[in-house]
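Numbering (this note's numbering), first residue to last: 999 to 1400.
To start, the structure under review is shown below, and the notes come after it.
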DNA sequence: AGTCCACAGGAAGGGCAGGCGA
DNA sequence: TCGCCTGCCCTTCCTGTGGACT
């Protein structure tokens, strides 16, 4: 861009009437004043948690349902309403919210308890202390706080998958240790089968009450999108059919409203950047691809070198069958390591890394038996053909492969 | 019916970085 | 500073297993 060009670009940008009235309405952190189609759940949740306001113990609670069905939103909605009552009436009640998926924050027992202690005002080192000691500090801060504490464990299934159910067992027993304070647990999970595989003693104490969030149907999804779009965009910014298409995309993802809202926002941004008159249907497709790409590229860039090398092997192996076997991946991975001077990990470890990529949704695997020729896993990348070259390019840059 | 392949995945333990108390 | 502790990443060793082959 020329020298004067940049100034006039910014001036143009300000002058031009954008689509957005309020972009924030379409971000994940936005909390709407009212949550559509969740009245029943809100009421149930409020009923269960209300005793906390009278300093009585409430039941531990387990909330489950697919991604983007409003679980976290509903919990935040109810607790923030409670919080304003708490502040007004000076009720001894605190809310600790933790997303257990947060790497290096709450994905191990140690880190989780240390995070709680930090939220109660006691900073602990990231490693080095015995776990007992971390618990002791946590109990101590709880006792000293003289309050009831509601602990919200979002994506609790991720934590249990990684660390086992001991953490939950310990947390459900905290009340036996405390005199001045009490805790109530609220677990949220995207995995609807999570409870079935949980240790029975933990299961009974965590899920004293259960709340299921059913996926939104197509019509509900459209209403949700419309109500957000009204606040987010100027009138007539959206072509007809756009909301319906976003809803249809999301319905394909098991009624994930978060995804639909994100889709709408990105489509708006793309249209705005292209100086279009309105958001047309074509932008939804483009937004869909952009979102998919961004998610994948972000994950790829944040992986350690060994993980990147494994993924590069998987992406490079794509044969005419669309999937590859563990052994082929491992062999290619070994060659790659040699090429770039990386010490190769064992097959056992690589097998776990493949499992971790599956968790991240980058690949999918299926354990199969080839009879006489052994058992193995079929690994296929969940990256579209159009995204794949860019993903490989990023890995080549990260790994410095010529 | 029995064998055997090529892994999956559990268990145990080593090495490392980092914190604590003496 | 030193010895001892931790969590985490990784290796080593091991058992389990679905189904083609004999």
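Ideal Cβ positions, reconstructed from N, Cα and C, are used throughout, including at glycine.
Coarse secondary structure for residue i, derived from DSSP in three states
i: residue 1281; result: helix
i: residue 1212; result: coil
i: residue 1093; result: strand
i: residue 1018; result: strand
i: residue 1060; result: strand
i: residue 1231; result: strand
i: residue 1111; result: helix
i: residue 1251; result: coil
i: residue 1185; result: strand
i: residue 1151; result: strand
i: residue 1207; result: strand
i: residue 1399; result: coil
i: residue 1392; result: helix
i: residue 1033; result: coil
i: residue 1408; result: Lying before the first or after the last residue shown, residue 1408 is absent from the chain, which here runs from 999 to 1400.
i: residue 1258; result: helix
Residue i and residue j closer than 8 Å at C-beta
i: residue 1108; j: residue 1132; result: yes
i: residue 1221; j: residue 1034; result: yes
i: residue 1377; j: residue 1365; result: no
i: residue 1207; j: residue 1059; result: yes
i: residue 1358; j: residue 1297; result: yes
i: residue 1352; j: residue 1381; result: no
i: residue 1187; j: residue 1062; result: yes
i: residue 1118; j: residue 1143; result: yes
i: residue 944; j: residue 1197; result: In the structure as shown, the chain begins at 999 and stops at 1400. Residue 944 is therefore absent and cannot be evaluated.
i: residue 1392; j: residue 1295; result: yes
i: residue 1324; j: residue 1374; result: yes
i: residue 1226; j: residue 1023; result: yes
i: residue 950; j: residue 1263; result: In this structure the chain extends from 999 to 1400, so residue 950 is not present and cannot be described.
i: residue 1246; j: residue 1268; result: no
i: residue 1443; j: residue 1169; result: Here the chain has residues from 999 to 1400 only, and residue 1443 is not among them.
i: residue 1289; j: residue 1243; result: no
Per DSSP, cross-strand counterpart(s) of residue i
i: residue 1363; result: 1377
i: residue 1146; result: 1091, 1180
i: residue 1236; result: 1277
Residue i Cβ short of 7 Å to the ligand GTP heavy atom set
i: residue 1077; result: The model on display carries no ligand, and the ligand GTP is accordingly not part of it.
Cβ neighbours of residue i in the same chain (closer than 7 Å, five flanking residues each side left out)
i: residue 1165; result: 1107, 1110, 1157
i: residue 1330; result: 1311, 1314, 1315
i: residue 1230; result: 1018, 1019, 1020, 1021, 1023, 1024
i: residue 1252; result: 1064, 1213
i: residue 1210; result: 1062, 1063
Cβ-based neighbour list, residue i, same chain, cut-off 8 Å, excluding 5 preceding and 5 following
i: residue 1175; result: 1137
Close-in-space but distant-in-sequence residues of the same chain around residue i (CB under 6 Å, 5 per side omitted)
i: residue 1084; result: 1091
i: residue 1291; result: 1385
Uninterrupted alpha helix (DSSP H) stretches inside the segment 1261 to 1344 (no shorter than 4 residues):
1279 to 1299, 1303 to 1314, 1324 to 1338
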